[in-house]
Structures are given as structure tokens and as C-alpha cells.
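Numbering of the sequence shown is given in full-length UniProt numbering, commencing with residue 1 and proceeding in unit increments. The beta carbon of each residue, even a glycine, is placed where N, CA and C say it ideally should be. This one's a predicted model, so the numbers in the text were calculated from it and none came from an experiment.
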Amino acid sequence: MEYAQDDFFDLTKLQPGQTHAPNGWLLDSQPDALKGRKCLILDLDETLVHSSFKYMRQADFVIPVDIDNQIHNVYVIKRPGVDEFMKRVGELYEVVVFTASVSRYGDPLLDALDVHQSVHHRLFRDSCYNYQGNYIKNLSQIGRPLKDTIILDNSPASYIFHPQHAIPISSWFSDAHDNELLDIIPFLEDLSKDNVEDVGIVLDINM
């Protein structure tokens with residue numbers, strides 16, 4: 001279901017407590033170095049990585065997270081192809097990782113994951129839009145033209161307001177033979193081109 005933006009339901013309006021940039025949007029103005037690029041919003045958990053408090057022998061890295069003044073180790077495995085995927089999209093897009101997780105977990109994870117410095121912005125749970133008890137990634141609040149904005153997320157509930165701007169991806173936990181990130185690269189290369197004037201129209205047809 002798609003929600004119309006009307007007088008009764010203004011999707012651009014911030015909710016109390018929502019963290020945002022000084023300009024009133026979730027992101028500051030597009031940096032000059034990225035001018036003209038489309039905006040790609042990436043989910044984190046079960047899209048790029050899988051994390052667990054339980055010991056995982058195959059973990060690619062371990063991050064300490066402070067919860068109630070106690071340090072807990074979080075074991076993280078990377079989805080196959082994530083390094084190549086991140087490197088390529090960082091060359092093509094203004095890349096935003098937007099996760100419903102909290103920053104004390106997401107920040108150190110991204111510090112370890114983003115080996116190519118491909119992520120230009122990070123948004124966390126406190127920037128999500130609360131709707132019927134769900135944390136929504138509200139693309140109308142990002143501060144970028146919707147026609148240039150794409151979200152890649154394993155959870156359709158996250159982009160319930162903007163399904164026509166989404167590239168769905170299956171939830172990933174440990175399948176070593178998964179190729180979805182690498183398979184998506186050619187499509188994202190095409191969408192990044194100047195002749196694509198509205199990504200929503202292309203995604204609506206292809207998805």
C-alpha cells in the first residue's frame with residue numbers, strides 16, 4: 001500500500017524527538033563533491049551483514065557494545081560480495097546507511113565494515129519515523145529529491161511509504177553462496193546514469 005502525501009498526512013513533517021540536521025531534513029545539503037549523484041539508502045542488518053551476541057566461529061569481526069554500562073561482544077559476518085558492492089556504489093551514489101539500530105552498535109560496525117569509505121552519511125533509529133509502532137525510513141524526510149532516491153532493504157515495512165523507490169533484497173543470515181549484492185550492481189549502475197530522470201518510474205516497472 002502506498003500512502004499519499006496530503007494535508008492530513010504530511011510525510012515531510014518531523015516527529016517529536018526525531019534526530020535531524022540543522023536544515024530541518026535528516027541530511028545536510030548535498031556536499032559539492034557529490035553534487036549530481038543520486039542517493040542510495042542502504043539498510044544494515046540482514047541486508048549487508050548479520051550480527052549476533054552469540055559466538056559465531058565464522059565472524060568477520062567482533063565489536064564491543066556498551067549496554068547498560070556492560071560491554072557485550074557482537075559477532076558480525078559480512079554478506080558475500082559486500083566489500084565489492086560497497087566500493088562500487090560508493091563510486092556511483094551518495095550513499096546513506098540508514099538502520100533502525102542504535103548508533104552505539106551501528107557506528108563501530110560501520111567503522112569496521114566500510115573499508116573503502118563508501119558511506120557518506122549514517123542514520124540510526126533516532127532518525128526513523130515512528131508509524132504504528134514500526135521504525136520507518138521515511139524517504140520524504142531525507143532532504144533529497146525523491147526522483148533521485150533509492151532504498152535497498154530486506155524489510156518492506158521499512159519503506160512502506162515509498163515502495164516504488166525500493167529494491168527489495170532477501171534477508172541474509174549465513175548463506176555463503178548468496179550472490180544478491182553482486183547481482184544488484186549492474187542494475188544500480190544503470191539507475192545511476194543521467195538518462196534516468198526518475199528512479200521511481202524505472203523501479204515501479206522492474207520490481
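query	result
Taking Cβ positions, are Gln18 and Tyr159 nearer each other than 8 angstroms?	no
Quick one: using the 10 Å Cβ neighbour count with 16 as the cut-off for buried, is Tyr93 buried or exposed?	buried
On a CA-only basis, which of Ile41, His177 and Pro186 is nearest Asn154? Give me that one, please.	Ile41
Counting pairs of beta carbons, one from the segment 116-124 and one from the segment 86-104, are three or more of them closer than 8 angstroms?	yes
Determine whether the beta carbon atoms of Ala112 and Ile63 lie at a separation below 8 angstroms.	yes
Quick check on Arg88: buried or exposed, where buried means 16 or more other Cβ atoms within 10 Å of its Cβ?	buried
With 16 as the cutoff for other CB atoms within 10 Å, does His162 come out buried or exposed?	buried
In angstroms with no decimal places, state the Cα-to-Cα distance between Phe173 and Ser29.	35 angstroms
Between Gln15, Asn23, Ile201 and Pro16, which lies nearest to Gly143 when the distance is taken from Cα to Cα?	Asn23
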